[in-house]
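The listed protein sequences derive, respectively, from chains Y and S. Position 262 of the first sequence, counting from 1, maps to 262 under full-length UniProt numbering, and the rest follow consecutively. Position 232 of the second sequence, counting from 1, maps to 232 under full-length UniProt numbering, and the rest follow consecutively. All C-beta atoms in this analysis are idealised placements derived from N, C-alpha and C, irrespective of residue type, glycine included. Quantities reported herein were computed from a predicted structural model and do not represent experimental measurements.
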Amino acid sequence: MRRPLQYLALLGYVVFLGFPLVWLLSTALKTPREMASLHPTWIPHNPVLSNFADAFGEQDLVGGALRSLVVATACSLLTVVLALPASYAMARHRTALSKLAVGWVLVSQIFPFILIIIPLFMVLRSLDLVNTLPGLTLVHVTFVMPFALWMLQGYVRAVPRELEEAAAVDGAGRVVALVRVVAPLLAPGVVATLLFAFISSWNEFLFALVVLKDPDVATLPLTLVKFTGAEGVVRLGPLAAASLLATIPSLAFFAIIQRRLRSGLMAGAVKG
Amino acid sequence: MTLTAERTRPPDARRRGRPTSGGRETLLLMLPALVPVLVFSVGPLLYGMYLAFTDARSGRNAETSFVGLANFGDLLTDGDFWASFRIGLIWAVSVTVLQFTASLGLALLLNENLRFRGFARVLALVPWAMPPVVIGLMWRLVYHPNAGILNSVLQDLGLLGHNVDWLNDFSLALPAVIVVGVWTGMPQTTVVLLAGLQGIPGELYEAGQMDGASAWRRFWNITLPQLRPVIVTITSLDFVWNINQFGLVYVLTQGGPGGQTRLPLLFAYEEAFRYGFFGYAATLGLAMVIVVLAVLGLYIGRQMREAS
């Protein structure tokens with residue numbers, strides 16, 4: 001008696017979690033004519049890919065995607081370059097700063113973004129960085145930094161310091177030891193941090209909304225939201241298609257890390 | 001190199017810490033990462049808290065003067081604020097409670113040896129992997145009055161006679177938005193609860209079974225007490241995230257219809273960036289911090305007393 005009930009409950013969850021996704025996909029595959037039909041159906045009558053082509057034809061969306069790409073790439077590179085030395089120091093020397101970085105991640109959760117965004121807007125304005133991509137990149141770097149530091153120092157800690165010392169004993173200088181021995185072992189961690197920073201920036205909406213007022217410099221999340229403003233039913237197809245395309249980077253990222261998310265990572269993070 | 005420094009360190013630190021010039025080198029290495037965080041995050045936050053006590057306006061050359069607690073006085077007598085505060089509390093409490101109940105059920109199921117468990121686990125993570133803006137847009141498609149699937153399904157089931165404009169209906173908009181909030185936050189909560197469940201020692205259940213305790217009793221007397229620290233942590237975090245929510249609801253309704261879904265931060269955003277009242281919006285932000293700290297203090301304090 002228990003098992004069937006459990007399967008029924010599981011089915012309920014699968015339906016609740018899955019149906020909006022199916023609907024997004026279905027909308028993305030429908031022709032404009034079918035979108036206008038009075039009784040929408042789950043499965044498109046004759047699925048087409050033209051919505052994806054139409055999304056690529058929208059200048060705003062393509063421009064937004066390109067600007068998002070620029071900001072996210074710059075943000076991830078800058079974050080890792082700035083965070084690498086610091087994370088090395090945090091992992092190898094025990095300093096109060098490492099605790100502060102983690103503490104800041106936790107404490108900053110309590111403050112609503114409005115308390116930070118207003119002064120931040122004033123700072124950026126005085127630097128003439130409002131409505132510019134470098135301005136947004138700086139903001140993104142700042143907000144990715146604490147978590148990136150915490151991630152990276154974990155990876156540095158995993159590289160046995162004996163390896164480094166052995167290389168030094170073998171006559172290699174400290175820099176050579178770092179480049180030859182530590183860097184290759186650290187590469188996967190660096191890639192993971194790059195990806196994390198890229199996704200955070202690519203998906204970010206709040207700061208972009210405030211920093212980029214001018215539609216000519218809008219990033220992808222902003223253009224997607226604006227796209228719905230002109231709520232023509234016919235345009236919902238391309239919107240769904242563009243939304244799906246915008247999700248690909250983070251889906252790929254999660255596909256890579258999901259195994260660790262499901263088990264170890266979170267367990268360790270919670271029990272600390 | 002620095003023998004004296006080494007000797008004074010506790011043994012644990014000596015093993016882990018590199019025996020070099022320590023302090024200055026560390027600072028030098030940390031500087032590139034620290035400067036942006038200090039300049040663009042810690043500094044603005046402190047300044048933002050100061051702004052709450054000023055009459056700052058958005059204009060570039062607007063003069064700012066210190067007004068003490070005047071903004072707080074205005075806030076307490078502002079009917080729009082209280083309306084939005086009430087909506088914020090309804091939203092945060094319902095989403096947190098529903099999220100927790102739904103996620104606990106899902107975590108319990110995923111912890112059982114069911115078929116399709118792997119599929120369900122991956123699916124449970126998907127909302128986490130989606131950009132918040134896309135989640136908002138996707139649900140707008142679901143709720144769409146003419147082209148949405150919800151109206152279509154409910155009419156097929158005979159539960160609805162006509163198309164409903166979910167997100168523009170005065171009484172339905174908030175519940176509709178709450179459902180999206182629950183959907184969005186389920187992955188984090190489920191993952192954390194599942195990890196907690198897997199950390200409960202199996203012997204406890206074996207002992208319970210020997211004593212002939214029913215499944216329900218085992219859940220009530222073993223699972224819940226063992227899970228308590230995890231539950232307190234994740235519900236506290238969920239509450240903080242939910243009461244500070246902005247983006248999702250901004251994309252769904254922009255606070256409409258008629259302010260029915262205007263969460264406190266949407267209200268603050270409008271005050272700041274539509275009307276230009278920087279100081280007043282900062283006051284609202286600070287008031288939210290006080291509310292959050294008070295609620296968390298009460299909640300965590302009570303849980304700790306009950307646990308001991």
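Check                                                                                                                                                                                 : Outcome
The alpha helix (DSSP H) with Ile231(S) in it runs from where to where?                                                                                                               : 224 to 243
Give the straight-line distance between the Cα atoms of Ser21(S) and Asp170(Y), rounded to the nearest whole angstrom.                                                                : Caution applies to Ser21(S), whose pLDDT of 49 falls short of 50 and renders its modelled position unreliable; the value that the coordinates give is listed next. So the alpha carbons of these two residues sit roughly 22 angstroms apart.
For Met35(Y), would you say it is in contact with chain A, using Cβ-to-Cβ distances shorter than 8 angstroms as the test?                                                             : Among the protein chains in the structure shown, which are Y and S, there is no chain A.
According to DSSP, simplified to helix, strand and coil, what is Phe81(S)?                                                                                                            : helix
How many Å lie between Glu271(S) and Val95(S) at the Cα?                                                                                                                              : 25 angstroms
Note down, in chain order, all residues in the segment 199 to 232 of chain Y with a beta-carbon under 8 angstroms from any beta-carbon belonging to chain S.                          : Trp202, Asn203, Phe205, Leu206, Leu209, Val210, Pro221, Leu224, Val225, Thr228
Please specify which runs of the alpha helix (DSSP H), each continuous and at least 4 residues long, are wholly inside the segment 197 to 246 of chain Y, giving them in chain order. : 206 to 211, 220 to 229
Per DSSP, what are the beta-bridge partners of Thr54(S) in this structure?                                                                                                            : Phe66(S)
Find out if the Cβ-Cβ distance for the pair Leu98(S), Ala124(S) is shorter than 8 angstroms.                                                                                          : no
Going by beta carbon distance, what residues of the same chain come within less than 7 angstroms of Thr79(Y), once the five residues before and after it are set aside?               : Val141, Val144, Met145, Ala148, Ala197
For Trp150(Y), which option in Ala192(Y), Pro134(Y), Ala246(Y) has the closest C-alpha, if you only look at C-alpha atoms?                                                            : Ala192(Y)
Note down, in chain order, every chain Y residue with its Cβ under 7 angstroms from the Cβ of Glu112(S).                                                                              : Gln6
Under 8 angstroms between C-beta atoms, does Met138(S) make it to chain Y?                                                                                                            : yes
With C-beta atoms as the reference, is Ala129(S) less than 8 angstroms away from Leu251(Y)?                                                                                           : yes
How would you write the range of the alpha helix (DSSP H) that Ile43(Y) sits in, first residue to last?                                                                               : Note, Ile43(Y): premise wrong, no alpha helix (DSSP H); not H, not E.
Helix, strand or coil, according to DSSP, for Pro146(Y) in the structure here?                                                                                                        : helix
For my contact list, Asp78(S) and Gly279(S) are in at a C-beta cut-off of 8 angstroms; report their separation, rounded to the angstrom.                                              : Actually they do not touch by this definition, with Cβ atoms about 14 angstroms apart.
Closest to Val289(S) by C-alpha separation, out of Asn244(S), Leu75(S), Val177(S), would be which residue?                                                                            : Asn244(S)
With DSSP collapsed to three states, give me the class of Met138(S).                                                                                                                  : helix
Listed in chain order, which residues of the segment 88 to 101 of chain S have Cβ atoms closer than 9 angstroms to some Cβ of chain Y?                                                : none
Do you know offhand how far Arg16(S)'s Cα is from Gly199(S)'s?                                                                                                                        : With a pLDDT of 45 at Arg16(S), under the threshold of 50, the modelled position of that residue is not reliable, and no figure is offered here.
How big is the Cα-Cα spacing for Gly301(S) and Gly59(S)?                                                                                                                              : 44 angstroms
Comparing the C-beta of Arg60(S) with each C-beta of chain Y, is any distance below 8 angstroms?                                                                                      : yes
What are the residues of the segment 215 to 247 of chain S that lie near chain Y, defined by any Cβ-Cβ distance shorter than 9 angstroms?                                             : Ala215, Pro229, Val230, Thr233, Ile234, Leu237, Val240, Trp241, Ile243, Asn244, Phe246, Gly247
Can you check whether the C-beta of Val181(Y) is within less than 8 angstroms of a C-beta belonging to chain S?                                                                       : no
Could you tell me the distance, in whole angstroms, from the CA atom of residue 295(Y) to the CA atom of Leu244(Y)?                                                                   : Because chain Y in this structure spans residues 1 to 272, residue 295(Y) falls outside the shown range and cannot be described.
Of all the options Glu112(S), Gly297(S), Pro225(S), which has the alpha carbon lying nearest to the alpha carbon of Arg3(Y)?                                                          : Glu112(S)
Determine which residues of the segment 144 to 162 of chain Y have a Cβ less than 8 angstroms from any Cβ of chain S, and write them out in chain order.                              : Met145, Pro146, Leu149, Arg161
Secondary structure at Gln99(S), three-state DSSP: helix, strand or coil?                                                                                                             : helix
Check the C-beta distance from Asn45(Y) over to Glu58(Y) and give it rounded, since I have them as a contact under 8 angstroms.                                                       : Per the sequence shown, residue 45(Y) should be read as His rather than Asn. Between Glu58(Y) and His45(Y) the Cβ distance is about 24 angstroms, and since that is not below 8 angstroms, they are no contact.
If you follow the alpha helix (DSSP H) that Thr26(S) is in, where does it begin and where does it stop?                                                                               : 23 to 37
Quick one, which residues of the segment 33 to 50 of chain S are near chain Y if we go by CB-CB under 8 angstroms, in chain order?                                                    : Ala33, Leu34, Pro36, Val37, Val39, Phe40, Ser41, Val42, Gly43, Pro44, Leu45, Tyr47, Gly48, Met49
Quick one: what does DSSP say Arg262(S) is sitting in, helix, strand or coil?                                                                                                         : coil
Is it right to say Tyr275(S) is buried, meaning 16 or more other beta carbons lie within 10 angstroms of its own, or is it exposed?                                                   : exposed
What residues from the segment 255 to 279 of chain S come within 7 angstroms of chain Y, judged by C-beta to C-beta, listed N to C?                                                   : Leu265, Ala268, Tyr269, Ala272, Phe273, Phe278
Answer with buried or exposed for Trp216(S), where buried requires no fewer than 16 other C-beta atoms within 10 angstroms of its C-beta.                                             : exposed
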